[in-house]
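Structure record follows, encoded as structure tokens.
Residue numbers (the numbering used here): 84 to 540.
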């Protein structure tokens, strides 16, 4: 067995070019090697083919600039560097369902090795051609009333969840992961606290949710190349299942931490910092990542092509929803959902600010009656929001404006409608029935709010 392992190691070494470490400064490692070995994005190994990994992120003259993916304690000047000549790819398969993997597709859940698929798939792939993609026009039931009514989502749409820290972003994501109508759920946890990863898998997602899910994780203590690669791998796994003709929902939590990882890599590679320290490559990489989600290729009648519905969380810095990453992501996506700290502080969850949330496809996803109902509710909420302070201090006189009177009357019912138990999902038709009842100031239709008409998560 030892002789076999030695032969395998030598065979692997033969697939690499060899170089040497020439300098180490902070996170930046410089290495010399044959010119034909130096390829941007190439993976490297330090020592031997089983040593710590790194990624070639730039050049300093004729030398390679490498960032480590793994700890490098004990690295010495002149240490051996192996430059990989193979493509950066993985082999996802149905065996990945129910598993938790790292940025390189290696299992983290202690359940043993996973069978790979027959074909390699590039980790960093280009999105499909826009002209070859199918149209986005089939509604997707998310199971969250505030979203299905006021920010509806289509199969293959890309929606952003924008929130500050501690506002309920991860809780909303878990509601969607359990209740949304999809065949496969792929979840990328990028830069999360290590404690939260296990809690999300075992408590929030649960055994039933995990059965149809693949979770890719790179925690906050991992190197920037790993955090960036975990985001790429999340999309690569989603693309695999899309190409099997399946309806995929891809969560990425969060895009902000992907951008921070790219900023760290860019600065180490010598890029100049721009707005708030973000490098130009951050804003070049964001659309390349986000555009990978979306509808699959258009196919003929009877043919089956899957799609990827992208739900991307954005952690806004200091609750500033116009900070650079949030602003760039909002411009790329097909809609945005804003979570409000003030709503969370008054105890209404999910803390979705309906007036600041929008889906660019809502007009094509709602019927005329549903659209009219949602518009009326929005208008009444906007009126109440404008008059709320006057109402609370008793400065508003009832009867001065009939429409404001109506807004004040139905406001408690609208607040109750927007609140939802995290353990329950609600069908869109039931949600609209509840909203109509709230606006009519009448009891809900028989059976509308009944648990039997909802989906127990």
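The beta-carbon is built from N, C-alpha and C at its ideal position, and this holds for glycine as well.
Within 9 Å, strictly: CB atoms of residue i and residue j
i: residue 123; j: residue 110; result: no
i: residue 241; j: residue 448; result: no
i: residue 401; j: residue 390; result: no
i: residue 269; j: residue 424; result: no
i: residue 262; j: residue 293; result: no
i: residue 394; j: residue 256; result: yes
i: residue 199; j: residue 219; result: no
i: residue 375; j: residue 397; result: no
i: residue 501; j: residue 245; result: no
i: residue 280; j: residue 180; result: no
i: residue 445; j: residue 418; result: yes
i: residue 107; j: residue 158; result: yes
i: residue 481; j: residue 491; result: yes
i: residue 221; j: residue 239; result: yes
i: residue 329; j: residue 299; result: no
i: residue 508; j: residue 227; result: yes
i: residue 211; j: residue 377; result: yes
Inter-residue CB distance, residue i and residue j (contact presumed, cutoff 8 Å)
i: residue 306; j: residue 150; result: 7 Å
i: residue 388; j: residue 217; result: 7 Å
i: residue 274; j: residue 340; result: 3 Å
i: residue 362; j: residue 370; result: Residue 362 to residue 370, Cβ: 15 Å. No contact.
i: residue 197; j: residue 381; result: No, residue 197 and residue 381 are not in contact; Cβ-Cβ is about 32 Å, not under 8 Å.
i: residue 152; j: residue 169; result: About 16 Å separates the two Cβ atoms, so there is no contact after all.
i: residue 260; j: residue 223; result: Not quite, the Cβ-Cβ distance comes to about 13 Å (not below 8 Å), so this is no contact.
Cutoff 8 Å; reference residue i; Cβ partners in own chain excluding five residues on either side
i: residue 103; result: 114, 115, 116, 161, 162, 163 and 164
i: residue 331; result: 265, 266, 267, 268, 269, 321, 324, 325, 389, 390, 391 and 392
i: residue 494; result: 463, 464 and 467
i: residue 479; result: 470, 473, 487 and 491
i: residue 148; result: 111, 112, 113, 139, 140, 141, 142, 351, 352 and 353
i: residue 175; result: 188, 199, 200, 204, 297, 319, 320, 323 and 324
i: residue 119; result: 100
i: residue 327; result: 389
i: residue 254; result: 287, 432, 433 and 505
i: residue 144; result: none
Neighbourhood of residue i by C-beta, 7 Å cutoff - its chain only, sequence neighbours within 5 removed
i: residue 348; result: 140, 150, 307, 308 and 311
i: residue 353; result: 141
i: residue 303; result: 274, 275 and 276
i: residue 468; result: 438
i: residue 427; result: 250, 251 and 434
i: residue 192; result: 182 and 183
i: residue 155; result: 129 and 135
i: residue 489; result: 463
i: residue 460; result: 497, 518 and 522
i: residue 194; result: 182
i: residue 350; result: 356 and 362
i: residue 208; result: 319, 322 and 375
i: residue 316; result: 173, 186, 188, 206 and 299
i: residue 284; result: 183, 293 and 298
i: residue 314; result: 271, 273, 335, 341 and 372
Cβ neighbours of residue i in the same chain (closer than 6 Å, five flanking residues each side left out)
i: residue 440; result: 234, 420 and 421
i: residue 358; result: 407
i: residue 442; result: 234, 235 and 418
i: residue 503; result: 228
i: residue 529; result: With a pLDDT of 48 at residue 529, under the threshold of 50, the predicted position of this residue should be treated as unreliable, and no value is reported.
is_contact[residue i, chain B] using C-beta, thresh 9 Å
i: residue 285; result: Looking for chain B here will not work: only one protein chain is present.
Please list the segments of the beta strand (DSSP E) lying wholly inside the segment 460 to 526, counting only runs of 3 or more residues, in order along the chain. none
Would the segment 215 to 235 count as touching the segment 196 to 206 if we require 3 or more Cβ pairs under 8 Å? no
With three or more beta-carbon pairs closer than 8 Å as the criterion, would you say the segment 449 to 456 touches the segment 422 to 434? no
Taking one C-beta from the segment 324 to 343 and one from the segment 184 to 203 each time, how about it: are there three or more such pairs within less than 8 Å? no
Could you give the uninterrupted runs of the alpha helix (DSSP H) lying entirely in the segment 167 to 237, keeping only those of 4 residues or more? 228 to 233
Would you call the segment 405 to 418 and the segment 358 to 367 touching, i.e. three or more CB-CB distances under 8 Å? yes
Inside the segment 262 to 346 only - alpha helix (DSSP H) runs reaching at least 4 residues: 277 to 282, 289 to 294 and 307 to 325
Which parts of the segment 119 to 161 are runs of the beta strand (DSSP E), unbroken and 3 residues or longer, counting only runs that do not cross its ends? 126 to 129, 136 to 143 and 146 to 151
Unbroken beta strand (DSSP E) runs of length 3 or more, entirely within the segment 383 to 446: which are they? 390 to 398 and 418 to 421
List in chain order: all unbroken alpha helix (DSSP H) runs of 4+ residues lying wholly within the segment 348 to 385. 363 to 373
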